[in-house]
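With positions in the sequence shown counted from 1, the corresponding number in my numbering is that position plus 351. Beta carbons: idealized from backbone N, C-alpha and C, even for Gly. Fair warning: this is a prediction, and the values are worked out from it, not measured in the lab. Following: one structure in structure tokens, then a few remarks.
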Amino acid sequence: MNKLLQKKEWDQEIKELAEFINRGFGKRAEEQSFNRDNWSKSGKSKIQGLSIPQREGGRGLNALESSQVLETLAYYCEDGGFCFALAAHLLACSMPLYLYGSDELKSKYLTKMCDGSLIAANAITEAQSGSDVFEMNTTAVKEGDYYILNGHKIYITNAPVSDVVVIYAMTNPIKGFFGGITAFLLDQSLHNYELTSRENKFGLKAVMMGQVILNDVKVHKSHVIGQEGGGGRIFNTSMIWEKTCLSGVHLGSMKRLFSQTRDFLKSRKLGNHRLSSHQVIQHKMSELYALIVSSEAVLYNAASRLDENPNADLSASTSKMIISENYKRFASDLIHLYGAKAFVDNHPAALLMADSVASTIYSGTSEIQKNIISKHLGII
Ligand SMILES: Cc1cc2nc3c(=O)[nH]c(=O)nc-3n(C[C@H](O)[C@H](O)[C@H](O)COP(=O)(O)OP(=O)(O)OC[C@H]3O[C@@H](n4cnc5c(N)ncnc54)[C@H](O)[C@@H]3O)c2cc1C
Numbered sequence: 352m353n354k355l356l357q358k359k360e361w362d363q364e365i366k367e368l369a370e371f372i373n374r375g376f377g378k379r380a381e382e383q384s385f386n387r388d389n390w391s392k393s394g395k396s397k398i399q400g401l402s403i404p405q406r407e408g409g410r411g412l413n414a415l416e417s418s419q420v421l422e423t424l425a426y427y428c429e430d431g432g433f434c435f436a437l438a439a440h441l442l443a444c445s446m447p448l449y450l451y452g453s454d455e456l457k458s459k460y461l462t463k464m465c466d467g468s469l470i471a472a473n474a475i476t477e478a479q480s481g482s483d484v485f486e487m488n489t490t491a492v493k494e495g496d497y498y499i500l501n502g503h504k505i506y507i508t509n510a511p512v513s514d515v516v517v518i519y520a521m522t523n524p525i526k527g528f529f530g531g532i533t534a535f536l537l538d539q540s541l542h543n544y545e546l547t548s549r550e551n552k553f554g555l556k557a558v559m560m561g562q563v564i565l566n567d568v569k570v571h572k573s574h575v576i577g578q579e580g581g582g583g584r585i586f587n588t589s590m591i592w593e594k595t596c597l598s599g600v601h602l603g604s605m606k607r608l609f610s611q612t613r614d615f616l617k618s619r620k621l622g623n624h625r626l627s628s629h630q631v632i633q634h635k636m637s638e639l640y641a642l643i644v645s646s647e648a649v650l651y652n653a654a655s656r657l658d659e660n661p662n663a664d665l666s667a668s669t670s671k672m673i674i675s676e677n678y679k680r681f682a683s684d685l686i687h688l689y690g691a692k693a694f695v696d697n698h699p700a701a702l703l704m705a706d707s708v709a710s711t712i713y714s715g716t717s718e719i720q721k722n723i724i725s726k727h728l729g730i731i
């Protein structure tokens, strides 16, 4: 039988980690709760620091390998929300801190962000600037060695359980997004900002999502990531990593559900014939398999390009758009094969479907990816 997952050297380790995380997942999905022990356990495998060099406390993998570890994790792990939480922390928080942070900031936070001691969130979205990040209202006004931050960030992954937050704020409205936005690393134990409690969600049940509220929050200049005005570039770089490698989670999830569904169709009997005996079912599975194979090829290509070129934005956006749309189509076709069984609460196919919808929204919606692609192609 065709093996969907290419076995790599990390397979056994990641499988055991996923089995650990899977314990109690049904209850967590129902309660929409988070388990910090799972976070600490993942830190032992440096999932939160996969693409960070070993000298900085990470696992030292490249983008392709990091995507493949995330794929392996999502293949064995039923908790799509938790896989997303790990990947968002790694790609949108650890990576920008590693690439742009000062030695002082890195030595204080990066190792702890890689080994599971800290949870990070990345906050750019606001009520009036979701897709249009250029319309940001959060401000950071310089006063001597400090900045005073005011603003309100929403839909922030990990926020309710986070220890640190990467915040983007406007420091120079005249310059706008490139040159006028600055990235800060805020620390719950040092800075007086508010995190709301978790919000109920349609999918990604066990990742916590909330808001970050900043009212005259005083932040020392040593907590600027990179340079003042460099936030636009930092955000774009972190999105290149997220748009590329996060698809490893989507790919692994599709492969897991494909295997489970193949087993289900062969065991499900209606009268004296198996469901898998219908040609229409066989064809549907062939189509789902094609979505997996094309997603895999696109992901591995985009991740290899990122390993060659840190500014590989065109392949990142193209890959993100293709794979998240494949994922959504895959999930909505797959759930139909279960009939009413998947309509009960928290069936794996139903969870997959809800998670797949989110994938076409976060890290920039499919429409925004098309805008980016058109710009790179000189069409706009
Ligand atoms: C599960 C999940 C996790 C998230 N995690 C984070 C996080 O950790 N940090 C963070 O900062 N944000 C996060 N977000 C927010 C996410 O980045 C935004 O939801 C996303 O950028 C879209 O913004 P919006 O929801 O305000 O939609 P809107 O911008 O209001 O868009 C609504 C619709 O209009 C379309 N649209 C908007 N503008 C255009 C345009 N110019 N051209 C064509 N179509 C357009 C969009 O594609 C979409 O279909 C998360 C979102 C989700 C769902």
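Residues of the same chain with a CB within less than 7 Å of the CB of residue 730, apart from the 5 flanking positions on each side, do not exist. Straight through space, the alpha carbons of residue 515 and residue 458 are spaced by roughly 14 Å. Around residue 548, the same chain offers 511, 561 as residues with beta carbons nearer than 8 Å, after the five sequence neighbours per side are excluded. Taking the Cβ atoms as the reference, residue 591 lies roughly 5 Å from residue 667, within the contact range of under 8 Å. In the three-state reduction of the DSSP assignment, residue 475 falls in the coil class, being assigned neither a helical nor a strand state. The C-beta of residue 374 has fewer than 16 other C-beta atoms within 10 Å across all chains shown, which makes the residue exposed. Secondary structure of residue 501 (DSSP, three-state): strand.
For the pair residue 500 and residue 565, the CB atoms are nearer than the 9 Å cut-off.
Contact between residue 521 and residue 491 is confirmed by a C-beta separation of about 7 Å, below the 8 Å threshold.
Excluding five sequence positions before and after residue 582, the CB atoms of its chain that fall closer than 6 Å to its own CB belong to 519, 532, 533, 534, given in chain order. Within a 10 Å sphere around the beta-carbon of residue 679 sit 16 or more other beta-carbons, which makes this residue buried. Pairing residue 688 with residue 647 gives a Cβ-Cβ distance that is not under 9 Å.
Taking every protein chain shown into account, the CB of residue 690 has fewer than 16 other CB atoms within 10 angstroms, so this residue is exposed. Excluding sequence positions up to five before and after residue 417, its CB lies within less than 7 Å of the CB of 401, 402, 596, all in the same chain and listed in chain order.
Each residue's CA atom was taken as its position, placing residue 700 and residue 686 some 5 Å apart. Here residue 378 carries a helix assignment [DSSP, helix/strand/coil]. Around the Cβ of residue 408, a 10 Å sphere holds 16 or more other Cβ atoms; the residue is buried. With contact defined as three or more Cβ pairs closer than 8 Å, the stretch 419 to 438 and the stretch 357 to 365 are in contact.
Here residue 493 is bridged, per DSSP, to 498. In this structure, residue 365 keeps its C-beta atom at 9 Å or more from the C-beta atom of residue 430.
The three-state reading of DSSP puts residue 410 in coil, since its state is none of H, G, I, E or B. For residue 722, the enclosing alpha helix (DSSP H) stretches over residues 717 to 727. Distance from residue 702 to residue 554 at the Cβ level is roughly 7 Å; contact confirmed, criterion being Cβ atoms closer than 8 Å. The straight-line gap separating the alpha-carbon atoms of residue 654 and residue 488 is approximately 33 Å.
In this structure, 380 is the residue among 380, 367, 524, 368 with its C-alpha nearest to the C-alpha of residue 698. Membership of residue 363 in any beta strand (DSSP E) is not indicated; the residue belongs instead to the alpha helix (DSSP H) covering 362 to 373. Between residue 471 and residue 444, the C-beta gap is smaller than 9 Å, which places the two residues in contact. 450 is the residue among 528, 450, 712 whose C-alpha sits nearest the C-alpha of residue 588. Taking the CA atoms as reference points, residue 507 sits about 8 Å from residue 476. Under a 10 Å Cβ-count criterion, residue 695 is classified as exposed, with fewer than 16 other Cβ atoms of the shown protein chains found around its own Cβ. With contact defined as three or more Cβ pairs closer than 8 Å, the stretch 631 to 641 and the stretch 659 to 674 are not in contact. Short note on residue 718: C-beta closer than 8 Å to some heavy atom of ligand 1.
Taking every protein chain shown into account, the CB of residue 495 has fewer than 16 other CB atoms within 10 angstroms, so this residue is exposed.
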